[in-house]
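Numbering (the working numbering), first residue to last: 3 to 708.
What follows is a single structure, written as structure tokens, with notes after it.
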């Protein structure tokens, strides 16, 4: 039989989504049953599409999306049934399932291969060779498996087997069933469909479009009935506004919170074919999809609302490696998405306000970035933002927008304008404060007229610069001594415009040396560097320039207990934000961030020398303060630290209820002591993630290292 690594049942995520490793395999077998054919129009590809799995698999040539959808809806269930039949040695059932698979998914070589194995087991050699030949012709190319498969032992002495083995090993790339070509928008719609979407070697899909900047240029720039709309129409008449012709709008919530088409007639709306929807490429974070070919403004007014891992899409992006990587790609590819904060940013703690009324959890975001925009509220809160951003994108002068798009700098510029356009920023110096750079933005603070005017005023030779960060030095924690965590690092992520850490170590202070020397101005103008505490106690955050221009700094940050995001604010946070900016004599850059998150489920007491006296961890066996379990899994114990007369650490006592155990200063568990009370027998321990019931978050457990 085909080895498990070829079985669909081994290549599905726990929640049913296609795994990245599966995408790579499927890229090799696209369109096996069909010759290349002319590209279909994207809209035609989504008209009257079949809905049954078998129809999807066999009714037309398949591109990447069609193949993957068929694999998910047809092949995966059949392969799972086949695996069960083989496990029970039920060969009649196995034969029947293989034939069903061949009928429903004729492009898939494993159906033929496994049927050849069944025929060989039944001593029906001619039929076995027939189906084995079919498998090889349709793309089965694992020669090593073919040579060693015990099911085919009875065929190996036949010269035909050697010939088929040679053919399988020689098999190389296969052509897709649909010839790839960039999608061309028609009637204001661009389709993510089989014809213009292909898999990448990183397990993603690339949907490629050819922007049509002339086709929609005659359309009205906007129908907004306010001062912003009046200005945009005036600029369009004068020929000084770039407009939105060739730009795309991507709604990722099934039109739940959709930008009204009539407001910006020039925008091209992205739609998703049946196959794309089958693969969930249209929904939530675009974690499997890369869109190429133009400026993209998008939104998804959805959130994960159940399980211990409830979160907004923004928080989901900050706590998962793949979405975070795509955020950077979008930011520097002229694309930006908006997501509502859901329950991630509301006054309260653990669902209650100080007076006991129902409330929220505070600002639970573990980081801050310029890669997206998070809106205060839930469904629909993004509409005022979408309109303001679309108006701003339309307001740029044509030559300026073209230049920014070419330099992949449009979204950094847009973020700067958006933050300057916040009503909380009334003076230039306000831009270097936390008021301009909250985690989540309130729609009532948007001044879209100011944003549009600012975009229109930017001259070609003075476009805003881009700040880029790099970590040069960093204090490392000592696992087992001051870090009781499954991984040996405090890094949440490190990217060019956002560096995020979580204070897992018991140390009070953290040190980072950060360089912004790679920051650039698009017109090679001279830069000045600026660093600012945006959130946190300025007495416990120190920024020290390490060179004359200030492009390199040492940042020292101490543990922060929970505090209001600004003096007098109802909303509280456990995060420290430091902002980095460059200025080119005309404009500031968008911000870059260096952040630390101090878990709210830890109560820390330090002495006057900032040495830990006690740290209480909660949440595993009792209800502690809410912390994102994907960032800080809960644990339940209390560590009490001991020092000698010279102030040197002598160890600590760990208490769990009425039980206690002692540790050496090196973090070894003391099993016994000698007559003088000195450790006689010790053992190393490590800290692991322990899974629990499906409706509970994993916890951190201490186990013996041996």
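Just so it is clear, CB atoms sit at the ideal spot from N, CA and C, and this is done for glycine as well.
Per DSSP, residue 82 lies in no beta strand (DSSP E) segment; the continuous alpha helix (DSSP H) that holds it begins and ends at 78 to 89. In the three-state DSSP reduction, residue 663 falls in the strand class (E or B).
If you compare the alpha carbons of 661, 555 and 340 with that of residue 580, the shortest gap goes to 555. No Cβ-Cβ contact shorter than 8 Å links residue 341 with residue 381.
Residue environment: residue 478 is assigned as exposed (fewer than 16 neighbouring CB atoms within 10 Å of its CB, all protein chains considered). The beta carbon of residue 200 is closer than 6 Å to those of 66, 182 and 208 in its chain, skipping five residues each way along the sequence. Restricting attention to 361, 64 and 634, the CA atom closest to the CA of residue 353 is found in 361.
Runs of the beta strand (DSSP E) lying entirely within the stretch 140 to 201, each at least 3 residues long, are 191 to 194 and 199 to 201 in chain order. In this chain, the beta strand (DSSP E) harbouring residue 472 covers 472 to 476.
Fully contained in the stretch 295 to 335 are the following alpha helix (DSSP H) runs of length 4 or more, in chain order: 315 to 320 and 323 to 333. Boundaries of the alpha helix (DSSP H) harbouring residue 116: 111 to 123, taken from the DSSP string.
In the DSSP assignment, residue 581 falls within the beta strand (DSSP E) that extends over 577 to 585. In terms of CA proximity to residue 102, 116 leads the group 90, 91, 116 and 89. In the three-state reduction of the DSSP assignment, residue 525 falls in the coil class, being assigned neither a helical nor a strand state. For residue 593, there is no enclosing alpha helix (DSSP H), since its DSSP letter is neither H nor E.
Annotation: residue 463 to residue 447 spans about 30 Å, alpha carbon to alpha carbon. Taking a C-beta distance under 8 Å as the contact criterion, residue 458 and residue 530 do not qualify as a contact pair. Considering only 611, 696, 707 and 703, the residue with the shortest C-alpha distance to residue 311 is 696. The shortest CA-to-CA distance from residue 126 to any of 155, 540 and 145 is the one to 155. In this chain, the alpha helix (DSSP H) harbouring residue 104 covers 93 to 106. The way I'd put it, the stretch 430 to 439 doesn't touch the stretch 545 to 560; fewer than three beta-carbon pairs between them come closer than 8 Å. Beta-bridge partners of residue 211 (DSSP): 185. Taking every protein chain shown into account, the CB of residue 625 has fewer than 16 other CB atoms within 10 angstroms, so this residue is exposed.
The way I'd put it, the stretch 499 to 509 does touch the stretch 365 to 373; three or more beta-carbon pairs between them come closer than 8 Å. Looking from the CA of residue 567, the closest CA among 683, 365 and 681 belongs to 365. The C-alpha of residue 89 lies about 20 Å from the C-alpha of residue 104.
The count of Cβ pairs closer than 8 Å, one atom from the stretch 592 to 599 and one from the stretch 612 to 623, stays below three, leaving the stretches out of contact.
Residue range 511 to 517 is occupied by the beta strand (DSSP E) that includes residue 511.
Beta bridge pairing from DSSP links residue 555 with 516 and 547.
Collapsing the DSSP output to three states places residue 129 in a helix. In this structure residue 251 is in contact with residue 299, their Cβ atoms being roughly 6 Å apart against a cut-off of 8 Å. Less than 8 Å divides the Cβ of residue 559 from the Cβ of residue 578. By the Cβ test, the stretch 343 to 353 is not in contact with the stretch 262 to 269, since fewer than three Cβ pairs between them sit closer than 8 Å. A straight-line Cα-Cα distance of about 10 Å links residue 162 and residue 134. Here residue 523 is buried: its Cβ has 16 or more other Cβ atoms, across all protein chains shown, within 10 Å. The beta carbon of residue 120 sits closer than 7 Å to those of 93, 96, 97 and 100, all from its chain and outside the five residues before and after it, given in chain order.
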